[in-house]
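Participant:
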Amino acid sequence: MTPSLTDFIAGWELFRDPILCGLVAGAALGMLGVFIVLRRMVFISAALSQAAGLGVALSFYAQIHLGLVGFMVDPRLGALILTLLAASMLRLEPRGRLTREGMLGLAYLVASAGTLMVGTRISQEAHDIQAILFGTGVLVRPSDTTWVLISAALVFAMVVWWRRGLIFASFDPDGAKVRGLPTTLLSFAILGAIALMVSIATRALGALPVFAFSILPAMAAIALAPSPTGALLLAACFGALGGVGGYMLAFFGQFPVGASQTLVCALLAVGAWAIRMGLNPRSSSRLSLPRA
Amino acid sequence: MITRTNPLPQTKAVLSTESLSVGYGGVPVLPPLTFSVRPGELWVLAGRNGSGKSTLLRTILGLLPAVGGTLTRPPSTSIAYLPQVQSLDPIVPMRVWDIVAEGVESGWSFLKPWITADQKQRISEALTRTGTESLAKRSFVELSEGQKQRVLLARALASSPELLLLDEPTSAMDLKAEEEAINHIADLRRELGTAVILVSHHLPAAIKAADHILFVDAEHQGVAAGGVREVLADPIFHRQFAGLTGDLCVDMLKDGHRHDA
């Protein structure tokens with residue numbers, strides 16, 4: 001039987017945390033996604049979310065097989081460390097025949113294979129590993145909600161405060177460097193913010209919706225926004241809409257949450273591009289192509 | 293090969309090099325260059341494709357480390373760079389105003405939450421000076437190539453530069469537009485006293501407006517830096533660009549160039 005609005009309201013206590021997580025993580029990742037899309041690094045969040053999965057798996061392994069306890073083996077810390085390690089590796093400039101796409105693929109595959117292999121040794125926690133890989137926004141722990149809120153607040157503050165430098169360095173990195181902007185620091189800051197948000201949100205919501213939040217709302221926003229600041233705001237709104245709308249779709253349609261959130265974000269992106277192409281059929285120039 | 297400094301000791305150089313060697317991974321691609329650029333001078337950086345122009349330009353801009361020698365700029369020198377339009381990312385949703393506003397950024401200025409009234413004034417003046425004020429709310433990507441170049445020039449001027457480097461700003465223009473653009477740049481440097489280094493391989497119009505030429509040729513390991521007339525007389529330059537400069541070279545060498553003191 002299809003659940004009704006009354007059922008939803010009656011279970012609000014249960015749904016509040018996952019909806020809040022979806023809303024806030026969607027908005028923060030949506031905003032960061034503008035930089036991910038502009039830097040042609042759309043698979044970075046996929047690679048980082050897999051690295052977060054491996055970090056969680058290794059933390060459980062350390063607890064179960066090495067008998068370690070305490071903060072040092074907290075799965076969130078494991079996820080953050082592995083994500084930061086992967087992000088710093090991906091920050092390196094590609095050299096010779098090693099392309100950034102190749103590095104992203106390597107990070108994704110090593111992290112995925114590592115997670116599955118470590119997962120076979122921690123069968124007690126297999127449910128957690130599955131949840132991380134494929135997403136489970138149905139129930140979110142209050143502690144995860146708190147961490148998502150704290151991380152998102154840091155990300156919002158950084159992006160709003162540094163937005164002019166971040167945008168300049170994305171549009172014309174050489175021009176920004178010539179004007180003395182700290183482009184390396186700006187690049188690390190944005191990668192650090194992505195790593196933080198992806199690691200925390202992956203633990204709470206799963207890899208699939210995190211990947212979707214960090215790509216699709218930004219694509220939609222870039223299609224419609226007249227200015228870079230407008231794109232950041234619009235991407236945050238679309239991300240939040242994807243997080244909440246996806247949860248509602250999952251509840252009323254009895255679908256998996258992560259997949260529903262991804263679908264709503266995808267519909268927003270497709271809709272935004274349809275509007276843009278409808279308004280100006282020749283203006284497909286914002287579809288991201290490889291840099292010359 | 294000729295490598296000379298230009299003789300104007302009374303004004304302080306905004307850029308000086310002494311046996312500057314440029315290249316990649318410690319390997320020089322050009323012989324060492326020595327030259328000084330002073331306020332109000334217009335230098336043309338000339339050379340064929342693959343001649344080392346971009347390597348030298350990127351080294352002057354501080355985007356590449358020098359392989360050897362010295363490159364000196366007074367610490368407070370405001371430097372602006374007008375890149376090739378193709379190097380800018382077309383998917384960033386930038387309005388003309390957003391781009392020109394980047395010109396007032398310097399160092400950590402982006403940490404201030406809002407653009408100040410003084411900065412707004414500089415942006416507005418730069419738009420007016422380049423005739424782009426009516427485009428301010430337009431999307432950059434939808435402008436013509438000539439309009440884009442004017443917008444990028446406005447961005448460079450908004451930074452009140454003492455040294456302005458332009459990377460082939462007329463590459464997408466027809467001959468008439470190119471001549472107008474170069475004359476406009478020449479007028480601006482006279483009016484504002486800005487030193488200009490203009491990369492171009494459309495030489496006739498650029499040479500007519502220039503005081504000095506920086507000529508580079510990685511293939512034949514030739515470099516020349518100096519007044520227009522002396523560089524025009526350099527055999528490698530002559531051989532490389534005889535077809536491109538045509539009668540202009542001959543006329544200038546015969547009559548003497550107006551800028552050569």
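Going down the list, the sequences are from chains A and Y.
Final position of the first sequence in the working numbering is 292; the numbers increase by one with none missing.
Final position of the second sequence in the working numbering is 553; the numbers increase by one with none missing.
All residues carry an ideal CB built from backbone N, CA and C; glycine is no exception.
Does the stretch 165-176 of chain A come close enough to the stretch 195-210 of chain A that 3 or more CB-CB pairs lie under 8 Å?
Facilitator: no
Participant: Distance cutoff 7 Å, beta carbons only. Does A/Val-42 sit that close to anything in chain Y?
Facilitator: Counting from one through the first sequence, the residue named residue 42 of chain A turns up at place 42. With 7 Å as the cut-off, A/Val-42 does not count as an interface residue toward chain Y.
Participant: Between Y/Leu-325, Y/Ser-308, Y/Arg-414 and Y/Ala-305, which lies nearest to Y/Ala-510 when the distance is taken from Cα to Cα?
Facilitator: Indexing the second sequence from 1 puts residue 510 of chain Y at position 218. The residue with the shortest Cα to Cα distance from Y/Ala-510 is Y/Leu-325.
Participant: Of all the residues that make up the stretch 213-240 of chain A, which are near chain Y by a beta-carbon distance shorter than 9 Å?
Facilitator: Of all residues in the stretch 213-240 of chain A, Ala-221, Ile-222, Ala-223, Leu-224, Ala-225, Pro-226, Ser-227, Pro-228, Thr-229, Gly-230 and Ala-231 have a Cβ within less than 9 Å of some Cβ in chain Y.
Participant: Could you check the C-alpha separation between Y/Leu-348 and A/Ala-152 for me, to the nearest Å?
Facilitator: As a first step, residue 348 of chain Y is located in the second sequence; it is residue number 56 there, counting from the start. As a first step, residue 152 of chain A is located in the first sequence; it is residue number 152 there, counting from the start. Looking at the two C-alpha atoms, the distance is approximately 44 Å.
Participant: Between Y/Phe-397 and chain A, is any beta-carbon pair separated by less than 7 Å?
Facilitator: The sequence position of residue 397 of chain Y within the second sequence is 105, counting from 1. Checking the sequence, you will find Glu at residue 397 of chain Y rather than Phe. Yes, because at least one Cβ of chain A sits closer than 7 Å to the Cβ of Y/Glu-397.
Participant: Output yes or no for whether 7 Å exceeds the beta carbon distance between A/Ala-25 and A/Ala-240.
Facilitator: Counted from its first residue, the first sequence places residue 25 of chain A at position 25. Counted from its first residue, the first sequence places residue 240 of chain A at position 240. Contact: no.
Participant: Rounded to whole angstroms, what's the CA-CA distance from A/Leu-149 to A/Cys-21? Just pull it up for me.
Facilitator: In the first sequence, counting from the first residue as 1, residue 149 of chain A sits at position 149. In the first sequence, counting from the first residue as 1, residue 21 of chain A sits at position 21. Cα to Cα, A/Leu-149 sits roughly 8 Å from A/Cys-21.
Participant: Can you name the residues that DSSP bridges to Y/His-504?
Facilitator: Position 212 of the second sequence, counting from 1, holds the residue named residue 504 of chain Y. For Y/His-504, which the question treats as bridged, DSSP gives the partners Y/Trp-335 and Y/Gly-519.
Participant: Since A/Ser-123 sits in a beta bridge, which residues does DSSP pair it with?
Facilitator: Indexing the first sequence from 1 puts residue 123 of chain A at position 123. Partner(s): none; A/Ser-123 has no beta bridge.
Participant: With distances taken Cα to Cα, identify the nearest neighbour of Y/Lys-440 among Y/Leu-322, Y/Leu-490 and Y/Pro-382.
Facilitator: Numbered from 1 along the second sequence, position 148 holds the residue referred to as residue 440 of chain Y. Considering only alpha carbons, the answer is Y/Pro-382.
Participant: What is the residue span of the alpha helix (DSSP H) that A/Leu-196 lies within?
Facilitator: On the first sequence, residue 196 of chain A is found 196 positions in, with the first residue counted as 1. Taken as a continuous stretch (DSSP letters only), the alpha helix (DSSP H) holding A/Leu-196 covers 183-205.
Participant: In angstroms, rounded to a whole number, what distance separates the CA positions of A/Pro-256 and A/Val-198?
Facilitator: In the first sequence, the residue the question calls residue 256 of chain A occupies position 256. In the first sequence, the residue the question calls residue 198 of chain A occupies position 198. Spanning the two alpha carbons is a distance of roughly 20 Å.
Participant: For A/Ile-215, which residues does DSSP report across the bridge?
Facilitator: Along the first sequence, read from residue 1 onward, the residue named residue 215 of chain A stands at position 215. In DSSP, A/Ile-215 forms no bridge with anything.
Participant: Using only alpha-carbon positions, find the residue among A/Ala-250, A/Trp-273 and A/Ala-274 that is nearest to A/Leu-263.
Facilitator: By 1-based counting over the first sequence, the position of residue 263 of chain A is 263. Comparing Cα-Cα distances from A/Leu-263 to each of A/Ala-250, A/Trp-273 and A/Ala-274, the minimum goes to A/Ala-250.
Participant: Quick test of the definition: if touching needs 3 or more C-beta pairs under 8 Å, does the stretch 216-224 of chain A touch the stretch 173-191 of chain A?
Facilitator: no
Participant: Roughly how far, in whole angstroms, is the beta-carbon of Y/Val-508 from the beta-carbon of Y/Leu-355, given that I think they are within contact range, below 8 Å?
Facilitator: The residue labelled residue 508 of chain Y in the question sits at position 216 within the second sequence. The residue labelled residue 355 of chain Y in the question sits at position 63 within the second sequence. 17 Å between Cβ atoms; not a contact.
Participant: Less than 8 Å between the CB atoms is what I'm expecting for Y/Ile-415 and Y/Ala-448, so what's the real figure, rounded?
Facilitator: Within the second sequence, the letter at position 123 stands for residue 415 of chain Y. Within the second sequence, the letter at position 156 stands for residue 448 of chain Y. With a Cβ gap of about 12 Å, Y/Ile-415 and Y/Ala-448 do not count as contacting.
Participant: Candidates Y/Glu-483, Y/Val-377 and Y/Leu-353: which alpha carbon is nearest Y/Pro-461's?
Facilitator: Numbered from its first residue, the second sequence carries residue 461 of chain Y at position 169. That would be Y/Val-377, whose Cα lies nearest to the Cα of Y/Pro-461.
Participant: Alpha carbons only, please: which of A/Asp-17, A/Leu-104, A/Leu-80 and A/Thr-6 is nearest the one belonging to A/Ser-59?
Facilitator: As a first step, residue 59 of chain A must be located in the first sequence, where it is residue number 59. If we check each option's Cα against that of A/Ser-59, A/Leu-80 comes out closest.
Participant: Would you say A/Leu-38 lies against chain Y (beta-carbon separation less than 7 Å)?
Facilitator: If you number the first sequence from 1, residue 38 of chain A lands on position 38. So yes, A/Leu-38 belongs to the interface.
Participant: For A/Phe-35 and chain Y, any beta-carbon pair shorter than 7 Å?
Facilitator: What you label residue 35 of chain A is simply residue 35 of the first sequence in a count that begins at 1. It does not: the Cβ of A/Phe-35 has no partner Cβ on chain Y nearer than 7 Å.
Participant: Kindly list, in the order they appear in chain A, the residues whose Cβ is closer than 8 Å to that of Y/Gly-354.
Facilitator: Locating residue 354 of chain Y in the second sequence gives position 62, where the first residue counts as 1. Under the 8 Å cutoff, chain A gives Lys-177 and Val-178.
Participant: Go ahead and label A/Ser-143 buried or exposed: buried means 16 or more other beta carbons lie within 10 angstroms of its beta carbon, across all protein chains shown.
Facilitator: Translated into the one-based positions of the first sequence, residue 143 of chain A becomes position 143. A residue is called buried when at least 16 other Cβ atoms come within 10 angstroms of its Cβ; A/Ser-143 does not meet this threshold and is exposed.
Participant: I need the straight-line Cα distance from Y/Val-404 to Y/Arg-421, nearest angstrom please.
Facilitator: What you label residue 404 of chain Y is simply residue 112 of the second sequence in a count that begins at 1. What you label residue 421 of chain Y is simply residue 129 of the second sequence in a count that begins at 1. It should be pointed out that residue 404 of chain Y corresponds to Lys in this sequence rather than to Val. Their backbone Cα atoms lie some 26 Å apart in a straight line.
Participant: Express the C-alpha separation of Y/Gln-413 and Y/Lys-500 in angstroms, rounding to a whole number.
Facilitator: Residue 500 of chain Y sits at position 208 when you count from the first residue of the second sequence. Residue 413 of chain Y sits at position 121 when you count from the first residue of the second sequence. Going by the C-alpha atoms only, they are around 33 Å apart.
Participant: Using only the alpha-carbon positions, how far apart do A/Leu-268 and Y/Val-336 sit?
Facilitator: Taking the first residue of the first sequence as 1, we reach residue 268 of chain A at position 268. Taking the first residue of the second sequence as 1, we reach residue 336 of chain Y at position 44. If I take the Cα positions, the gap works out to 50 Å.
Participant: If you run the structure through DSSP and keep just helix, strand and coil, what is Y/Ala-487?
Facilitator: As a first step, residue 487 of chain Y must be located in the second sequence, where it is residue number 195. If DSSP states are grouped into helix, strand and coil, Y/Ala-487 belongs with the strands.
Participant: Work out the CA separation of Y/Pro-320 and Y/Ser-328 for me, nearest whole Å.
Facilitator: Sequence index remark: in the second sequence, residue 328 of chain Y carries index 36 (1-based). Sequence index remark: in the second sequence, residue 320 of chain Y carries index 28 (1-based). Straight-line Cα distance between these residues: approximately 20 Å.
Participant: Hey, which unbroken runs of the alpha helix (DSSP H) at 4 residues or more fall wholly within the stretch 349-412 of chain Y?
Facilitator: 388-394
Participant: Since A/Ala-235 and A/Met-31 should fall inside the 8 Å C-beta cutoff, what is the C-beta to C-beta distance between them, to a whole number of angstroms?
Facilitator: As a working mapping, residue 235 of chain A is identified with position 235 in the first sequence. As a working mapping, residue 31 of chain A is identified with position 31 in the first sequence. At roughly 5 Å, the Cβ-Cβ gap stays under 8 Å, so A/Ala-235 and A/Met-31 are in contact.
Participant: Take A/Ile-36 and list the residues in its own chain whose beta-carbon comes closer than 8 Å to its own, dropping the five residues that flank it on each side.
Facilitator: Sequence index remark: in the first sequence, residue 36 of chain A carries index 36 (1-based). Correct list, in chain order: Val-42, Ile-44, Ser-45, Ile-194, Ser-214, Ile-215 and Ala-218.
Participant: Out of A/Leu-82, A/Leu-14 and A/Val-34, which one is the CA nearest neighbour of A/Ala-225?
Facilitator: On the first sequence, position 225 is the one that residue 225 of chain A refers to. Looking from the CA of A/Ala-225, the closest CA among A/Leu-82, A/Leu-14 and A/Val-34 belongs to A/Val-34.
Participant: Quick one: give me the first and last residue of the alpha helix (DSSP H) that A/Ser-260 is part of.
Facilitator: Within the first sequence, residue 260 of chain A is the residue found at index 260, counting from 1. That run of the alpha helix (DSSP H) goes 257-279.
Participant: Are A/Ala-86 and A/Leu-48 closer than 7 Å when you measure CB to CB?
Facilitator: In the first sequence, counting from the first residue as 1, residue 86 of chain A sits at position 86. In the first sequence, counting from the first residue as 1, residue 48 of chain A sits at position 48. Result yes, Cβ atoms of A/Ala-86 and A/Leu-48 sit closer than 7 Å.
Participant: Below 9 Å on C-beta distance, what does A/Ser-170 contact in chain Y?
Facilitator: By 1-based counting over the first sequence, the position of residue 170 of chain A is 170. Asp-381 and Val-384, listed in chain order.
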